[in-house]
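J.:
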Amino acid sequence: MGQTNPTVFRHPDGPTGTARAGLLLAELTPALNQRADQLRRDLEDVQTLRTLQTDAEERLRASLTAVQEARAALNQAMAERTNLPMRFTEDPVSTAILIASTETLDGFASGLSQIVTNENINVEAPVNIEGQIGVLPLPVQSLVLRGMNEADAAGVKRPGLLLATRPRAIVTSPTAATIRYQGPLLNFGNVMILEPRAETLFVLAGLETVYGEIGQVIAAGAPIGLMGGAETGGELSTDGDGTGTARSETLYIEVRQDNVPQDPASWFRTDRNG
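To convert a position in the sequence shown, counted from 1, into my numbering, add 166.
(1) Hey, how far is the Cα of P258 from the Cα of E415?
(2) Does the Cβ of T366 have 16 or more other Cβ atoms within 10 Å, making it buried, or fewer, making it exposed?
(3) For T436, which residues of its own chain have a beta-carbon under 6 Å away from its beta-carbon, when the five flanking residues on both sides are left out?
(4) How many Å lie between Q382 and T344 at the Cα?
(5) So, with DSSP's three-state summary, where would you put A222?
(6) Would you check if the distance between the CB atom of I359 and the CB atom of V369 is smaller than 9 Å?
(7) Once DSSP output is grouped into helix, strand and coil, what is the label at N356?
(8) State the start and end residues of the unbroken beta strand (DSSP E) segment that holds I390.
(9) For chain D, find out if any of its Cβ atoms is closer than 9 Å to the Cβ of R207; answer yes or no.
(10) What's the call for L209, buried or exposed, on a 16-neighbour Cβ count within 10 Å?
(11) Taking Cβ to Cβ, would you say Y418 is nearer than 9 Å to L329?
(12) Considering only DSSP beta bridges, list what Q213 is partnered with.
(13) Quick one, are the C-beta atoms of L392 and R346 less than 9 Å apart?
(14) Pull up the DSSP beta-bridge partners for F368, would you.
(15) With burial defined as no fewer than 16 other Cβ atoms inside 10 Å of the residue's Cβ, what is the status of T217: buried or exposed?
(16) Helix, strand or coil for A306 per DSSP?
(17) Between A386, G394, G378, A239, which has its C-alpha nearest E256's C-alpha?
(18) Going by beta-carbon coordinates alone, are V357 and A342 separated by less than 9 Å?
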């Protein structure tokens, strides 16, 4: 009892069939072992990929948290910035009247010079940008979508540059300048108008957040706002390189000299002029 009958293992075709089955099994065994090894390696690869995916998700969450904290710190720092010199004090009533009576960006920019009050003669307007014309950095890392007077899909032409930027990119002042206006305007979203020198204006439209106060004199490279768009987990930086984020936001820039639009491409370094 407990012993196995040897005939159980015999091939129906007798010894010859048994031998053939043995040879076939011997031939298949290496292939089966090889397949098993391949499946084992595939499983290990899947496990490695899952580990990498989990690690990437954790890094992305940490990066997004860091971006949010950095942005909050930037907003707080801008809100607490009180040591900047003031060239003049804003007249909010006159500004509101100008906004209400203006239908174009051109008209608003032209009327700005008429609403300066309490000008501080001890604070000079930023000057000496003549040697920088043509090599000024763009206020945000970007690509030029449309140049001056290039028609859009609707056939509308504007006397400025339309730039494609990454979401939530920091916008900075290309040069030392006075803030002549900041805030919502017409259908342009938030607008920042800078005066780098007398009778010269840089108009930046399409920001989500703007920093500073009207009349403040700011330094070159100072943050003046943020672009809109969804959080992406990319690094919060002024150049945006390496974030892998699509350029889905747009910033519009005009340069006005003596109330006459100038070609911004002749003032700024762009991807079109090298």
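Glycine included, each C-beta is placed from N, C-alpha and C at the ideal position.
T.: This is what the structure gives:
(1) Between the C-alpha atoms of P258 and E415 there is a straight-line separation of about 30 Å.
(2) T366 counts as buried, since no fewer than 16 other beta carbons sit within 10 angstroms of its beta carbon.
(3) V310
(4) Cα to Cα, Q382 sits roughly 6 Å from T344.
(5) In this structure, A222 counts as helix in the three-state DSSP scheme.
(6) yes
(7) strand
(8) Run containing I390: 389 to 392, per the beta strand (DSSP E) assignment.
(9) Chain labels in this structure do not include chain D; a single protein chain is all it has.
(10) exposed
(11) By the CB criterion at 9 Å, Y418 and L329 fall inside the cutoff.
(12) BP columns for Q213 are empty, so no partner.
(13) Note that the C-beta distance between L392 and R346 is not below 9 Å.
(14) L360, V421
(15) exposed
(16) Looking at the sequence provided, one finds Val at residue 306 rather than Ala. The answer is coil: DSSP assigns V306 none of H, G, I, E or B.
(17) G378
(18) No, the pair does not count as a contact, with Cβ atoms beyond the cut-off.
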